[in-house]
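Residue numbers (the numbering used here): -1 to 243. First the structure, in the form of structure tokens, and then the observations on it.
Shown next as structure tokens:
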């Protein structure tokens, strides 16, 4: 449904752009018709709930997707690097972070892989390190010791920032999409308000991790734990069907 956003995020070429509308039109018709047969909607965020309301003219119940908060352990100490854990694809906007940290000369570690890796490595300066895919234990260790987690893209929710917060670390996020529902400004992280290198760089320059309390950050992340998800999902099923699960 977000055709313009899809074309922009995925950098669709001119030929594909010329044929996609004709393909999408009948799919939208079918999708809207099928949507009316749904009895109850569950949305993973307020952003998605609004999308359901706008497109399908239906109300929905918001149940956020979970993280396993117990799998992450905060540390009383942190190192001097910033961290990204992400697939390296266009809509994640890793390019903003690479350019901002290259300009600032501050250490940024990037965990993950994807089709953009080669182009991102070309634009990166010596302060930016690409670690590729790592075992889960190593990712968790990197999370709990980072100065801050950087989340430059716009997503419906975004679980990686929640896992960083479960590790007690603050998040620097773009003020758009689901991050507005998971990151609490001044408490669990800070926002940059334009999807530009300048805006991100300015926020990173003034960021001070000592302003944030790891225990407070961790407690916030626990409200997205899978135990909370199961509780809310069971309540939803009971309310809508009368069944206990």
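By construction, the Cβ of each residue, glycine as well, lies at the ideal position given by its N, Cα and C atoms.
Taking the DSSP output, what are the residues bridged to residue 246? For the chain, the structure presents residues -1 to 243; residue 246 sits outside this window and is missing.
Determine whether the beta carbon atoms of residue 146 and residue 131 lie at a separation below 8 Å. No.
Those runs of the alpha helix (DSSP H) which lie wholly inside the region 83 to 140 and span at least 4 residues: The region 83 to 140 contains these whole alpha helix (DSSP H) runs: 92 to 102 and 115 to 121.
Given 8 Å as the limit, is there contact between the region 120 to 139 and the region 22 to 42, that is, 3 or more CB pairs closer than that? Judged by Cβ distances under 8 Å, the region 120 to 139 makes no contact with the region 22 to 42, as fewer than three pairs qualify.
Below 8 Å on the Cβ atoms is my contact criterion, and I expect residue 99 with residue 125 to pass it. Report the Cβ-Cβ distance as a whole number of Å. The C-beta distance from residue 99 to residue 125 rounds to 6 Å, short enough to fall under 8 Å.
Run through the DSSP bridge pairs and tell me what residue 81 is partnered with. The partner list for residue 81 (beta bridge, DSSP) reads 107 and 147.
Boundaries (first-last residue) of the alpha helix (DSSP H) holding residue 212: Residues 212 to 220.
Chain-order list of residues whose beta-carbon lies under 8 Å from that of residue 120 (same chain, five-residue window excluded): There are no such residues.
DSSP three-state call for residue 65: helix, strand or coil? DSSP places residue 65 in strand when its eight states are reduced to three.
What does residue 60 pair with, by DSSP beta-bridge criteria? Residue 60 pairs with 41.
Applying the 10 Å Cβ sphere with the 16-neighbour rule, what's the burial state of residue 183? Residue 183 is exposed by the Cβ-count criterion.
From residue 42 to residue 230, what distance separates their C-alpha atoms? Each residue's Cα considered, the two are about 12 Å apart.
Checking 8 Å against the spacing of the C-beta atoms, do residue 173 and residue 65 come in under that value? No, they are not a contact pair.
Within its chain, find whatever has a CB closer than 6 Å to the CB of residue 56; leave out the 5 residues flanking it on each side and keep chain order. Once the five neighbours on either side are set aside, the close Cβ partners of residue 56 are 39 and 50.
Classify residue 154 as helix, strand or coil using the three-state DSSP reduction. DSSP, reduced to helix, strand and coil, places residue 154 outside both helices and strands of the structure shown, so it counts as coil.
Name the residue from 83, 52, 187 and 128 whose alpha carbon lies nearest to the alpha carbon of residue 206. For residue 206, the closest C-alpha among the options 83, 52, 187 and 128 is that of 187.
Quick check on this structure: which residue in 181, 79 and 17 has the alpha carbon closest to the alpha carbon of residue 142? With respect to the C-alpha of residue 142, the residue from 181, 79 and 17 having the closest C-alpha is 79.
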